[in-house]
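**Student:**
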Amino acid sequence: MKHATFFAGVRTSAQLFDGRLTAGQVAGMEALLEAWKASSLTDLRWLAYMLATAFHETGRAMQPVVENLNYSAAGLRATFPKYFSAAQAASYARKPEKIANRAYANRIGNGSEASGDGWRYRGRGLVQITGRDNYRTYGIEGAPDTALEPKTAVRIMFDGMVHGRFTGQKLADHFTSKSSDWSGARSIINGTDKADAIAKQAKAFHAALVVAALVVAAN
Numbered sequence: 000m001k002h003a004t005f006f007a008g009v010r011t012s013a014q015l016f017d018g019r020l021t022a023g024q025v026a027g028m029e030a031l032l033e034a035w036k037a038s039s040l041t042d043l044r045w046l047a048y049m050l051a052t053a054f055h056e057t058g059r060a061m062q063p064v065v066e067n068l069n070y071s072a073a074g075l076r077a078t079f080p081k082y083f084s085a086a087q088a089a090s091y092a093r094k095p096e097k098i099a100n101r102a103y104a105n106r107i108g109n110g111s112e113a114s115g116d117g118w119r120y121r122g123r124g125l126v127q128i129t130g131r132d133n134y135r136t137y138g139i140e141g142a143p144d145t146a147l148e149p150k151t152a153v154r155i156m157f158d159g160m161v162h163g164r165f166t167g168q169k170l171a172d173h174f175t176s177k178s179s180d181w182s183g184a185r186s187i188i189n190g191t192d193k194a195d196a197i198a199k200q201a202k203a204f205h206a207a208l209v210v211a212a213l214v215v216a217a218n
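With numbering that gives the first Met the number 0, the residue at position 43 of the sequence shown is 42, and numbering never jumps.
(1) Could you round the C-beta distance between I187 and A51 to whole angstroms and report it? I think they count as a contact, below 8 Å.
(2) Take the Cβ of R93 as the centre, count every other Cβ of all protein chains shown within 10 Å, and call the residue buried at 16 or more, exposed below.
(3) Rounded to whole angstroms, how far is the Cβ of G23 from the Cβ of A60, which I believe are closer than 8 Å?
(4) Cα separation between A89 and S71?
(5) Do you know how far the Cα of Q168 is from the Cα of M156?
(6) How many Å lie between W45 and A86 at the Cα?
(7) Nearest-angstrom Cα distance between T151 and G159?
(8) Does the Cβ of A207 have 16 or more other Cβ atoms within 10 Å, making it buried, or fewer, making it exposed?
(9) In whole angstroms, what separates the C-alpha of A201 from that of V126?
(10) Between the C-alpha atoms of V153 and R76, what's the straight-line distance to the nearest angstrom?
(11) Applying the criterion that 16 or more other CB atoms from any shown protein chain within 10 Å of the CB defines a buried residue, is L32 buried or exposed?
(12) Which runs of the beta strand (DSSP E) at least 3 residues long sit entirely within the segment 108-194? Give them in chain order.
(13) Tell me whether H55 is buried or exposed, calling it buried when 16 or more other Cβ atoms sit within 10 Å of its Cβ.
(14) When we look at the beta-carbon of N133 and count the other beta-carbons within 10 Å, is it buried (16 or more) or exposed?
(15) Applying the criterion that 16 or more other CB atoms from any shown protein chain within 10 Å of the CB defines a buried residue, is A171 buried or exposed?
(16) Measuring CA to CA, which of D180, N67, G190, D192 is closest to Y48?
(17) Can you check the segment 14-63 for any alpha helix (DSSP H) of at least 4 residues that lies completely inside it and give the ranges in chain order?
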């Protein structure tokens, strides 16, 4: 794949980077392209959807990020209605550590609110793994900030999306020899949240990848 051609394609796409790329965005995409090259995977739709997922989950940074838990009371009620009453939301608002410890307590392998596991194992990475169980799956339970290291973040993304470790859904369920379900693929990560927008971004990444691959094939 001709990387320069790929970057030119995503830079100019109306769905993606608005005509310019930062060094961090380039480095993040390079990490994904290199991991793809080193793998045995071949379906460029898979790579395109992973790129689009990183694009969305990191706010276009293409670098591992930490979950933003600085919610207002209204934000808490909208995001975690099961875990915060109106009174509790008012009390916890704008207190990220307390919010994490309550919202993620006693589930996904975490201990009680008092254990601090919710904050310790809050979302990190390109796909925001959350909870002690998920950190243990990837061998970083004892060092959760490792999920912010680019190589580890890419490894987690590839493994989770290819093998369905996040929700039970995997790339092969949505991209087959007979069909491409660009919107439905969102269920690999998070139900239907922003599914159509991410589908458009994935298609834009795919177009750039195809052109970059064709340039190599022609030379």
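Beta carbons: idealized from backbone N, C-alpha and C, even for Gly.
The structure displayed is predicted, hence computed values, not measured ones.
**Tutor:** With the structure as the only source:
(1) As a first step, residue 187 is located in the sequence shown; it is residue number 188 there, counting from the start. As a first step, residue 51 is located in the sequence shown; it is residue number 52 there, counting from the start. Not a contact, Cβ separation roughly 11 Å.
(2) Position 94 of the sequence shown, counted from the start, is the residue given in the question as residue 93. Under this definition R93 is an exposed residue.
(3) Along the sequence shown, one-based indexing puts residue 23 at 24. Along the sequence shown, one-based indexing puts residue 60 at 61. Between A60 and G23 the Cβ distance is about 6 Å, and since that is below 8 Å, they are a contact.
(4) As a first step, residue 89 is located in the sequence shown; it is residue number 90 there, counting from the start. As a first step, residue 71 is located in the sequence shown; it is residue number 72 there, counting from the start. When only Cα atoms are considered, A89 and S71 end up about 8 Å apart.
(5) Taking the first residue of the sequence shown as 1, we reach residue 156 at position 157. Taking the first residue of the sequence shown as 1, we reach residue 168 at position 169. Looking at the two C-alpha atoms, the distance is approximately 13 Å.
(6) Indexing the sequence shown from 1 puts residue 45 at position 46. Indexing the sequence shown from 1 puts residue 86 at position 87. Between W45 and A86, the C-alpha separation is close to 44 Å.
(7) By 1-based counting over the sequence shown, the position of residue 151 is 152. By 1-based counting over the sequence shown, the position of residue 159 is 160. If I take the Cα positions, the gap works out to 12 Å.
(8) The sequence position of residue 207 within the sequence shown is 208, counting from 1. Its Cβ being crowded by 16 or more others within 10 Å, A207 is buried.
(9) As a working note, residue 201 is residue 202 in the sequence shown. As a working note, residue 126 is residue 127 in the sequence shown. The straight-line gap from Cα to Cα measures roughly 15 Å.
(10) Taking the sequence shown and counting its residues from 1, one reaches residue 153 at position 154. Taking the sequence shown and counting its residues from 1, one reaches residue 76 at position 77. Spanning the two alpha carbons is a distance of roughly 32 Å.
(11) As a first step, residue 32 is located in the sequence shown; it is residue number 33 there, counting from the start. Residue burial annotation: L32 is buried, with at least 16 other C-beta atoms found within 10 angstroms of its C-beta.
(12) none
(13) Reading the sequence shown from its first residue, position 56 is the one you call residue 55. Buried.
(14) Counting from one through the sequence shown, the residue named residue 133 turns up at place 134. By the neighbour-count rule (16 or more Cβ atoms within 10 Å), N133 is buried.
(15) For the purposes of this step, residue 171 is taken as the residue at position 172 of the sequence shown. Its Cβ having fewer than 16 others within 10 Å, A171 is exposed.
(16) On the sequence shown, position 49 is the one that residue 48 refers to. Nearest of D180, N67, G190, D192 to Y48, Cα basis: D180.
(17) 22-37, 43-56
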